[in-house]
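Numbering (the UniProt record's numbering), first residue to last: 1 to 416.
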């Protein structure tokens, strides 16, 4: 079997494979597409389609879609490659088709400058074989709308139906994402529209609102937005299910909650995903009416270990401590799929910043496998939490390691 990047001339074959693998209906007539235009569209969207080919028959055995993103890690935007539409024909399963595919695409991601790869798994155990691991968890909350009347409302609200309002919402999201690790940058219009702004309020029942508040000078400024759809749990229970809500600060968040209370009693509850730094139960009057549910439906894998270590945030206190003398730690890592990651990393913090030097694999303060390492450097787990993992061994607990790997607030709102 061989791994090949597939062009538009094989898109239909990929769709047929997906139909069989996922038991989904497919149009019987092959679509008549402009191959050159289709290939150009994939290029503009930062997407690549890859397939495992049976070299004897030329038949497509398995497929996957790779999409380029920018994600936030420790205060920097880094390249992340999202993987989706992974499928293998039943007759080729249990033959190592996907293992060979990952053995080819993971080193390629490294060569092309990616720091991370992410995916939404059908099975966590399956993707752990290739080094992926669950992130810290997304907090999905549900709250009764009636009690949200206690919160202040925006000074003005507009349904988002113009380019100007959409740009205002995008600006809010950019600031919202700046402080949350793993948030996506959404550089391309189609990424933004697909995640938040697609759908018609009258045909698709998708509602998008922009909230504004008065500044000290009395002018209105956009401060929050929400995109949601109704979800009927029973004939008499309707829930506002948020696709996304973003806000500039705590005041903007409270105003968003106050606005959503106006949908009561037509809607009874609001469901939404919150970033790691927001605790709804701590600000609502009736805490018993706030239901939290942590979801682990997203997995990550370190692609460039050295780059991720160099991106770890350093607090002002640690910089001050480094003035008294350099702080150091070491971590050893072995990577079956990306040999460039295997080695011993020496990290040193000086007043000039954090330095990382990679050497040959040897014993170190911390010894980790790729899944455990990924959770550490993405802020999904603190060093203490990661110590419970079988794939991580702590030989020496250094102040620098405790400071760098303290866990960070995360937000995941994108799908691919």
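Virtual Cβ for every residue (Gly too), placed ideally from N, Cα, C.
From a predicted model like this one, the values you see are computed outputs, not experimental measurements.
key: Collapsed DSSP secondary structure at residue 231 in the structure displayed   = Position 231 of the chain shown, counted from the first residue, corresponds to residue 231. Assignment of residue 231 by DSSP, reduced to helix, strand and coil, places it in the strand class.
Ordered list of alpha helix (DSSP H) runs contained in the region 158 to 242, each at least 4 residues = Qualifying alpha helix (DSSP H) stretches, in chain order: 163 to 178 and 189 to 192.
ask   = Can the beta-carbon of residue 385 be found closer than 8 Å to that of residue 407?
value = Here residue 385 corresponds to residue number 385 of the chain shown, with the count starting at 1. Here residue 407 corresponds to residue number 407 of the chain shown, with the count starting at 1. Against a cut-off of 8 Å, the Cβ pair of residue 407 and residue 385 comes out as a contact.
ask   = Is there contact here, the region 134 to 151 with the region 85 to 95, by at least three beta-carbon pairs under 8 Å?
value = no
task = Return helix, strand or coil for residue 290, following the three-state DSSP convention.
result = Here residue 290 corresponds to residue number 290 of the chain shown, with the count starting at 1. Note: residue 290 maps to strand in three-state DSSP.
task = Leaving aside the five residues before and after residue 322 along the sequence, list all residues of the same chain whose C-beta is less than 6 Å from its C-beta, in chain order.
result = Within the chain shown, residue 322 is the residue found at index 322, counting from 1. The residues are 349, 350 and 351.
request  = Below 8 Å on the Cβ atoms is my guess for residue 244 versus residue 195; work out the distance and round it to an integer in Å.
outcome  = Taking the first residue of the chain shown as position 1, residue 244 is located at position 244. Taking the first residue of the chain shown as position 1, residue 195 is located at position 195. About 7 Å separates the two Cβ atoms, so the contact holds.
inquiry  = Taking 8 Å as the cut-off, does the region 90 to 97 touch the region 119 to 135 (at least 3 CB pairs, one atom from each stretch)?
reply    = no
request  = Check whether the Cβ atoms of residue 441 and residue 409 lie closer than 8 Å to each other.
outcome  = The structure shown has nothing for residue 441, since the chain only spans 1 to 416.
ask   = Hey, which unbroken runs of the alpha helix (DSSP H) at 4 residues or more fall wholly within the region 257 to 333?
value = 305 to 310 and 316 to 322
Test item: CB-CB of residue 206 and residue 229 under 8 Å = Taking the chain shown and counting its residues from 1, one reaches residue 206 at position 206. Taking the chain shown and counting its residues from 1, one reaches residue 229 at position 229. Closer than 8 Å, so yes.
query = Does the Cβ of residue 110 have 16 or more other Cβ atoms within 10 Å, making it buried, or fewer, making it exposed?
reply = By one-based count along the chain shown, residue 110 stands at place 110. With 16 or more Cβ atoms within 10 Å of its Cβ, residue 110 is classed as buried.
ask   = For residue 317, which of 400, 52 and 265 has the nearest alpha-carbon?
value = Position 317 of the chain shown, counting from 1, holds the residue named residue 317. Ranked by Cα distance from residue 317, the options 400, 52 and 265 are led by 400.
key: Range of the contiguous beta strand (DSSP E) that encloses residue 94   = Translated into the one-based positions of the chain shown, residue 94 becomes position 94. Counting along the chain, residue 94 falls outside any beta strand (DSSP E), and DSSP gives it neither H nor E.
task = Could you tell me which residues DSSP pairs with residue 139 in its beta bridges?
result = Within the chain shown, the letter at position 139 stands for residue 139. For residue 139, which the question treats as bridged, DSSP gives the partners 274 and 294.
query = Of all the alpha helix (DSSP H) runs that stay within the bounds of the region 14 to 99, which reach a length of 4 or more residues?
reply = 35 to 44
ask   = At which residues does the alpha helix (DSSP H) containing residue 125 begin and terminate?
value = If you number the chain shown from 1, residue 125 lands on position 125. 124 to 128 is the span of the alpha helix (DSSP H), which, as asked, contains residue 125.
message = Among 306, 39 and 293, whose alpha-carbon lies nearest the alpha-carbon of residue 339?
response = Taking the first residue of the chain shown as 1, we reach residue 339 at position 339. The shortest Cα separation from residue 339 among 306, 39 and 293 belongs to 306.
query = If you drop the 5 nearest sequence neighbours on each side, which residues of the same chain put their C-beta closer than 6 Å to that of residue 39?
reply = Taking the chain shown and counting its residues from 1, the one referred to as residue 39 is at position 39. Result list for residue 39: 7 and 8, in chain order.
query = Taking the continuous beta strand (DSSP E) assigned at residue 368, which residues delimit it?
reply = Locating residue 368 in the chain shown gives position 368, counting from the first residue. It spans 366 to 369 - the beta strand (DSSP E) in which residue 368 sits, taken as one unbroken run.
ask   = Can you pull the DSSP bridge partners for residue 346?
value = Here residue 346 is taken as the residue at index 346 of the chain shown, counted from 1. Paired residue(s): 330 and 357.
Identity of the residues DSSP links to residue 146 by a beta bridge = Here residue 146 refers to the residue found at position 146 of the chain shown. Looking at the DSSP assignment, residue 146 forms no beta bridge with any residue, so it has no partner.
message = Taking a contact to mean a Cβ-Cβ separation below 8 Å, would you say residue 247 touches residue 273 in this structure?
response = Here residue 247 corresponds to residue number 247 of the chain shown, with the count starting at 1. Here residue 273 corresponds to residue number 273 of the chain shown, with the count starting at 1. No, Cβ-Cβ distance for residue 247 and residue 273 is not below 8 Å.
task = Count the C-beta pairs between the region 100 to 107 and the region 330 to 345 that are closer than 8 Å, then say yes if the count reaches three, no if not.
result = yes
query = Helix or strand or just coil, what does DSSP make of residue 247?
reply = For this step, residue 247 is matched to residue 247 along the chain shown. Strand at residue 247.
ask   = Which value, in whole angstroms, describes the spacing of the CA atoms of residue 152 and residue 354?
value = Position 152 of the chain shown holds residue 152. Position 354 of the chain shown holds residue 354. Taking the straight line joining both Cα atoms gives about 44 Å.
inquiry  = My assumption, with CB atoms under 8 Å, is that residue 418 sits in contact with residue 227. Please give the rounded CB distance.
reply    = What the structure shows of the chain is the stretch from 1 to 416, and residue 418 is not part of that stretch, so it cannot be assessed.
query = Just how far apart, CA to CA, sit residue 59 and residue 177?
reply = Here residue 59 refers to the residue found at position 59 of the chain shown. Here residue 177 refers to the residue found at position 177 of the chain shown. Near 43 Å, if we compare the C-alpha coordinates of residue 177 and residue 59.
task = Go ahead and pull the three-state DSSP assignment for residue 381.
result = Start at 1 with the first residue of the chain shown, and residue 381 comes out as number 381. Correct three-state label for residue 381: coil.
query = Just curious, the alpha helix (DSSP H) that residue 402 is in, first and last residue?
reply = Sequence index remark: in the chain shown, residue 402 carries index 402 (1-based). First-last of the alpha helix (DSSP H) with residue 402: 399 to 404.
ask   = For residue 117, which residues does DSSP report across the bridge?
value = For the purposes of this step, residue 117 is identified with residue 117 of the chain shown, where counting begins at 1. Looking at the DSSP assignment, residue 117 forms a beta bridge with 81 and 301.
task = For residue 329, verify whether its CB is less than 7 Å away from any heavy atom of the ligand FMN.
result = The ligand FMN is not part of this structure, which contains no ligands at all.
Rounded straight-line distance, which links the Cα of residue 125 to that of residue 297 = Here residue 297 corresponds to residue number 297 of the chain shown, with the count starting at 1. Here residue 125 corresponds to residue number 125 of the chain shown, with the count starting at 1. If I take the Cα positions, the gap works out to 12 Å.
ask   = For residue 138, is the classification buried or exposed, using 16 other Cβ atoms within 10 angstroms of its Cβ as the cut-off for buried?
value = Stepping through the chain shown from its first residue, residue 138 is reached at position 138. Result: buried.
request  = Spell out the partners DSSP gives residue 410 in its beta bridges.
outcome  = Mapped onto the chain shown, residue 410 falls at position 410. Paired residues: 181.
message = Mapping the DSSP letters down to three states, classify residue 393 as helix, strand or coil.
response = The count along the chain shown starts at 1 and reaches residue 393 at position 393. Correct three-state label for residue 393: strand.
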